[in-house]
Each structure stands twice: as structure tokens, then as C-alpha cells.
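Here the structure comes first, spelled out in C-alpha cells, and everything after it is commentary.
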Amino acid sequence: MSGYRVEEEIKRMTTSVAELAFLCLQQDKEMRPLMDEVVEQLKKTESGEHQLENLEKEHRDV
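Each residue of the sequence shown is one higher than the one before, counting from 55 in this note's numbering.
Rendered as C-alpha cells:
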């Protein structure tokens, strides 16, 4: 993997974890993801499956 691709992957993963952390810090508990959702998202982030958009939408609809 080239240096550029590694850097982009690190940036994507960092952004994904930061966005997830933001969701976890919401004052309204209904807006926060469940811990099993957090674990699942972290596993997907680690494996390269970026699905945070679905998790954000799910909690906005609540």
C-alpha cells in the first residue's frame, strides 16, 4: 500500500472514530448509540467498512 493510501486510510478511520465519539457525547440519551452499536461500528471501522452515516441517520430518526 502506498504512503498516500495509508495516510488516507488513517484519516478515514480517525474521522469515523471522532464522529462516533461525538454521537456518544450527546446530552440527550436518545441521541446516543447503544454500546453494542458502538462496538459494531468500531469493528467496521477497523475492517474498513465505513457505515457511520447509517448509525447517524438511525439516531436522528428517533
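Just so it is clear, CB atoms sit at the ideal spot from N, CA and C, and this is done for glycine as well.
Buried versus exposed call for Thr-69 [16 or more other C-beta atoms within 10 Å across all chains shown]: exposed
Kindly indicate which three-state DSSP category Asp-90 falls into: helix, strand or coil? helix
Looking at the structure shown, is Gly-102 part of a helix, part of a strand, or coil, going by DSSP? coil
Can you tell me whether Gln-95 is buried or exposed? The criterion is at least 16 other CB atoms within 10 Å of its CB, across all chains shown. buried
Rounded to whole angstroms, what's the CA-CA distance from Asp-82 to Ala-75? Just pull it up for me. 14 Å
Ser-56, DSSP secondary structure in three states: coil
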